[in-house]
Amino acid sequence: MEQGLNTEPTILEMQSITKEFPGVKALDKVSLSVKANEIHAICGENGAGKSTLMKVLSGVYPYGTYEGDIVYEGKVVRFKDIKSSEAAGIVIIHQELALIPELSITENIFLGNEPGRGGVIDWVEAQKEATQLLARVGLDDDPDTQIKNIGVGKQQLVEIAKALNKNVKLLILDEPTAALNENDSQHLLDLILGLKSKGISSIMISHKLNEIEQIADEITIIRDGKSIETLNVKADGVDEDRIIRGMVGRTLGNRFPEHTAEIGEVFFEVRDWTVQHPLTAERLVVKNSSFTVRRGEVVGFAGLMGAGRTELAMSIFGRSYGKFLGGRVFKDGKEIKLRTVSEAIGHGIAYVSEDRKALGLNLLDTIKRSIVSAKLRKISRGDVVNEIQEAQISEEYRKSLRIKTPTVEEGVNKLSGGNQQKVVLAKWMFTDPDLLILDEPTRGIDVGAKAEIYGIIRDLAAQGKGIIMISSELPELLGVSDRIYTIFEGQITNELPVAQADPETLMRSMTSSSQKVVA
Amino acid sequence: MSAPVTEKKSGFDIRDLKNLFGGGGSLKQFGILGALVVIILIFQIWTGGKTLQPGNIINIVQQYSYILILAIGMVMVIIAGHIDLSVGSVAAFTGIIVALAMKDWNFPWWAAIILGLVVGALIGTWHGFWVAYIGVPAFIVTLAGMLIWRGGNQLIGDSATVPVEAGFQVIGKGYLPEVGPNFGVNNLTMLLGFLVVLVLIGLEVRGRRTRKVMGAASDPVWLSVLRVVILGGVVLVAAYLFATGRVGTSFPVSGIILAALVIGYSFLTNNTIIGRHIYAVGGNKHAAELSGVNSKRVNFFVMMNMSVLAALAGMIFVARSQASGPFDGVGWELDAIAAVFIGGAAVSGGIGTVAGSIIGGLVMAVLSNGLALKGIQSDLVQIIKGLVLLIAVGVDVYNKTQGRPSIIGLMTNRNKSGGAAPTDDSTSNEVTPGGGTPDTVVPGDLRK
Chain A
141 MEQGLNTEPT
151 ILEMQSITKE
161 FPGVKALDKV
171 SLSVKANEIH
181 AICGENGAGK
191 STLMKVLSGV
201 YPYGTYEGDI
211 VYEGKVVRFK
221 DIKSSEAAGI
231 VIIHQELALI
241 PELSITENIF
251 LGNEPGRGGV
261 IDWVEAQKEA
271 TQLLARVGLD
281 DDPDTQIKNI
291 GVGKQQLVEI
301 AKALNKNVKL
311 LILDEPTAAL
321 NENDSQHLLD
331 LILGLKSKGI
341 SSIMISHKLN
351 EIEQIADEIT
361 IIRDGKSIET
371 LNVKADGVDE
381 DRIIRGMVGR
391 TLGNRFPEHT
401 AEIGEVFFEV
411 RDWTVQHPLT
421 AERLVVKNSS
431 FTVRRGEVVG
441 FAGLMGAGRT
451 ELAMSIFGRS
461 YGKFLGGRVF
471 KDGKEIKLRT
481 VSEAIGHGIA
491 YVSEDRKALG
501 LNLLDTIKRS
511 IVSAKLRKIS
521 RGDVVNEIQE
531 AQISEEYRKS
541 LRIKTPTVEE
551 GVNKLSGGNQ
561 QKVVLAKWMF
571 TDPDLLILDE
581 PTRGIDVGAK
591 AEIYGIIRDL
601 AAQGKGIIMI
611 SSELPELLGV
621 SDRIYTIFEG
631 QITNELPVAQ
641 ADPETLMRSM
651 TSSSQKVVA
Chain B
99 MSAPVTEKKS
109 GFDIRDLKNL
119 FGGGGSLKQF
129 GILGALVVII
139 LIFQIWTGGK
149 TLQPGNIINI
159 VQQYSYILIL
169 AIGMVMVIIA
179 GHIDLSVGSV
189 AAFTGIIVAL
199 AMKDWNFPWW
209 AAIILGLVVG
219 ALIGTWHGFW
229 VAYIGVPAFI
239 VTLAGMLIWR
249 GGNQLIGDSA
259 TVPVEAGFQV
269 IGKGYLPEVG
279 PNFGVNNLTM
289 LLGFLVVLVL
299 IGLEVRGRRT
309 RKVMGAASDP
319 VWLSVLRVVI
329 LGGVVLVAAY
339 LFATGRVGTS
349 FPVSGIILAA
359 LVIGYSFLTN
369 NTIIGRHIYA
379 VGGNKHAAEL
389 SGVNSKRVNF
399 FVMMNMSVLA
409 ALAGMIFVAR
419 SQASGPFDGV
429 GWELDAIAAV
439 FIGGAAVSGG
449 IGTVAGSIIG
459 GLVMAVLSNG
469 LALKGIQSDL
479 VQIIKGLVLL
489 IAVGVDVYNK
499 TQGRPSIIGL
509 MTNRNKSGGA
519 APTDDSTSNE
529 VTPGGGTPDT
539 VVPGDLRK
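These protein sequence lines map, in sequence, to chains A and B. Taking the working numbering, the leading residue of the first sequence gets 141, the next gets one more, and so forth. Taking the working numbering, the leading residue of the second sequence gets 99, the next gets one more, and so forth.
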């Protein structure tokens, strides 16, 4: 089997896979071809469709919910759930590990796959096999240890051991090193290489381009739900710059509003902000971050998922994330305290969450009630809400933001993503903020609605409000912002006026801290 | 662009009928209201007219007012995403303290009532503290409370029955007094009935005016009139029944307390900031917190409020049975919770109404009463009540998973599919065709 790279047979062929969600085409005729004994990387920006493609492959989205064919080991396969793809030897390891903290390593490895007869587990056999599996992944911990007592790096190895127990032939790893430190990452990458030499192919999704360059044989680049190209790392002489060009290489269209910014003085400033992970004491999610916002300015925050952008924003917004360790906030030259969300709203700060459904809206509520929900006192006398004003105000927002709904008394759950996002924007515009923090304001909404959201953002800036826009879509940041900060591993790594920024420079600052550090 | 349509075409359209008792979100309530009417009619026929006899409906109100009062508090607890199992024990604990306060410590009856409410507030503070500020699930806190306050009742009262004075008994077994000339009816009860009809008309007119100011579509006039005529008719018939009972009886005082609470709490849940916050926390706690809602305060409030209402319910019960006993209020929590869920609340929180819960409670009340009138044994009654709860919630859950709002929704859907939904026409002329790009987006931004 150990032959030259290109002569290996193809084990997986995904042929023009199309997957649609209501209002969004997540995958558009994507093709992917993986050879035996290969490590195949998939690269793309957040939201490009990588995870969706892997969910199609692993049966999370079963046959019938997508178009196109999956040819695996020469046959067209139709997985109806994860179990059926696992039976064929395809195992996916998600970014969020699927281990049960209270159970032991052995129990987790054999969960749902317990050795034994008639429902009675043979623990002696399990223990023996677990020890062998752990040896294969290079883990020498006692298999009786509870999962919660081992680190994330080792948990990742347990996941792989679990996959090996299922006789995996094709291992899918979604951001396997995102939560790992350098040592653990290296160990994991070595393990994946080792598995390859034993005939197990891997598909790896990662944002860490240096790792991909190090271990991948081929790279497929996905952009906007389309497969752009497949590169052979050795033959094509691929390096990080080449991958970045493929990931961001879309031409900037006219999707962005033209604007001449009338930027005022600095009115909002954060100094040395440091935040600790809510559970892990030694992990700093945001480190000594300082930045400024001017009136009428749209400030972009570029960073990959997990870089600490959201954590920084939520922590500033009334300490809604993690444990605050230090830092000061100044508004209009005076230091302000933002200990609770109410205080933050009171100081004219609004935060539009990246997770509209989980954090932005009460999906059981109506449009009009949602719009006024963040500042009910504004339309209340005593403690009684004025329902006439509520209806009038929400009606005004419906018109000015073009929320597509028959009436504002409709439930927000009936709206499309783009219109839900407009409701969230209306909700925060209603609080009369001076500073709006928009976290991925266009995630999961279609192109038309995106353009409308960009228009709203520029309008708000034109009214003299300061805007912070967090996004992992570089074209959007370049199209809408006036100035861009990049964040990597909780630190601000670069600051550029938009005129000096280009996708390649930003992506470099977003994927390594080697750039100049701006104080 | 264009003035919003303030009133729909005035022609008769059967689809409007579904708005008779609130359209949209309250369809579920309509379903359960229909079920209540059907149940009343069935028992009226089956018992040979006994169900709607004055004496019997007075009895129903007196016998179930305290459960319905509990349901008001319980629906707020459940909307916020919690549960309260302790209400029966809290009621019993308050009852014994109030009874002893009058018997041994010579409290006048009105001071005893205030004392009872204070006791309820203190117990509620205790529950609220554990739920909101320590974070113990309400199920556990109130399970503990169920044991603690039941034990407290029996400890303080020495497991004995303590009688209460006549003045106090009024809140449980009192009636509206006879005043004015004798027309063969209770004048105050009839007056109350006419007053309610006037209020109904006023509300309908005000509602229409409000909707006009809002620029929202109103129901056709015929529907408004029909609604007032039906509701007003029901109110007057009920008032007449209450007013023509056995001499000396009329509309019960406990019914008046209940009605006042229903009105007050409906207003609180719908129209006040705290009410909105209860729905917000139950619907999505994280989103509520990120909107500046203090979820701890909301949780504290609902638990506290529940215990105050439980104390009130306990006092009414003691007043009605003329004494406080060691087993007062056993199983009340289950009746109250059942009423709330039959009334359309969601186990996961965020959904529910005071009015729905009251109707749910009345369904259970009429059912128990009717079965008792027929001489059905209590063991069978329990089985039937259990099945009704299960089926009511089961139908609701099934409809939801099928994406069907209700039977009424199903009936009207068929008409809808032909053209635009009736409410659509108020806005269709304002939506830019083809999804529209706003004017603010100007092509040609090629800056890089």
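Beta carbons are placed, not taken as given, at the ideal position from N, Cα and C, and that holds for glycine.
Under a three-way DSSP split, which group does D324/A fall into? helix
Beta-carbon contacts of T192/B that lie in its chain and below 6 angstroms, excluding the five residues immediately before and after: G214, V217, G218, A409, G412
Give me, in chain order, the residues of the same chain whose beta-carbon lies closer than 8 angstroms to that of K605/A; leave out the 5 immediate sequence neighbours on both sides. R435, G436, P573, D574, L575, L576
Would you say L298/B faces chain A, with C-beta separation under 9 angstroms as the test? no
Buried or exposed: R418/B, going by 16 or more other Cβ atoms within 10 Å of its Cβ? buried
Whole-angstrom Cβ separation of K195/A and Y201/A, contact assumed at under 8 angstroms? 5 angstroms
Looking at chain A, is there any beta carbon in it that lies within less than 9 angstroms of the beta carbon of E387/B? yes
Quick check on Y363/B - is its C-beta less than 9 angstroms from some C-beta in chain A? no
Does the segment 245-257 of chain B come into contact with the segment 185-200 of chain B, if we say contact requires no fewer than three beta-carbon pairs (one atom in each stretch) closer than 8 angstroms? yes
Look at the alpha carbon of F628/A and the alpha carbon of A318/A, and state the distance between them as a whole number of angstroms. 12 angstroms
Can you give me the C-alpha to C-alpha distance between E369/A and L167/A, rounded to a whole angstrom? 15 angstroms
Short of 6 angstroms in beta carbon distance, which residues of its chain neighbour A484/A, apart from the five on each side in sequence? Order them along the chain. F457, G458, L478
Counting contacts by CB-CB distance shorter than 9 angstroms, is G381/B in contact with chain A? yes
Can you check the segment 250-319 of chain B for any alpha helix (DSSP H) of at least 4 residues that lies completely inside it and give the ranges in chain order? 264-271, 285-312
If we define contact as Cβ-Cβ less than 9 angstroms, is R509/A a contact residue for chain B? yes
To the nearest whole angstrom, what separates the beta carbons of I435/B and I137/B, a pair I think is in contact under 8 angstroms? Not confirmed; about 20 angstroms, so no contact.
Mind listing which residues of the segment 387-402 of chain B have their C-beta closer than 9 angstroms to chain E's C-betas, in chain order? No chain E appears in this structure, whose protein chains are A and B.
From G184/A, K175/A, V170/A, residue whose alpha carbon lies closest to that of Y206/A: V170/A
Contact set for W228/B: own chain, Cβ-Cβ below 7 angstroms, skip 5 residues either direction: V234, V239
The segment 179-193 of chain A in contact with the segment 359-375 of chain A per 3-pair CB rule at 8 angstroms: yes
On the DSSP bridge list, what partners appear for H180/A? I343/A, E358/A
Along chain A, in chain order, which residues have C-beta atoms closer than 7 angstroms to that of H180/B? Residues of chain A passing the Cβ test: none, with the nearest at roughly 16 angstroms.
A498/A touches chain B at which residues, Cβ-Cβ below 7 angstroms? H384
Does I230/A come out as helix, strand or coil in the three-state DSSP assignment? strand
Say whether chain A places a C-beta atom closer than 9 angstroms to the C-beta of T370/B. yes
Are the beta-carbon atoms belonging to R449/A and S430/A less than 9 angstroms from one another? no
Can you confirm whether G448/B, when its beta carbon is compared against all beta carbons of chain A, has any partner nearer than 9 angstroms? yes
Between the CA atoms of L359/B and L329/B - distance to the nearest angstrom: 20 angstroms
Pull the bridge partners of K165/A from the DSSP assignment, please. E160/A
Please confirm if A378/B has its CB atom under 9 angstroms from at least one CB of chain A. yes
Contact under 9 angstroms by Cβ, Q152/A with L197/A: With the sequence shown as reference, residue 152/A is identified as Leu, and Gln is not the correct amino acid for it. The answer is yes: Cβ separation under 9 angstroms.
Mind checking which residues open and close the beta strand (DSSP E) that includes M402/B? Premise fails: M402/B lies in the alpha helix (DSSP H), 393-419, not in any beta strand (DSSP E).
Candidates W430/B, I371/B, V461/B: which alpha carbon is nearest K515/A's? I371/B
Count the other CB atoms, across all protein chains shown, that sit within 10 Å of the CB of I489/B; report buried if there are 16 or more and exposed otherwise. exposed
According to DSSP, which residues form a beta bridge with V174/A? L152/A
With which residues is M647/A paired in a DSSP beta bridge? DSSP output for M647/A lists no bridge partner at all.
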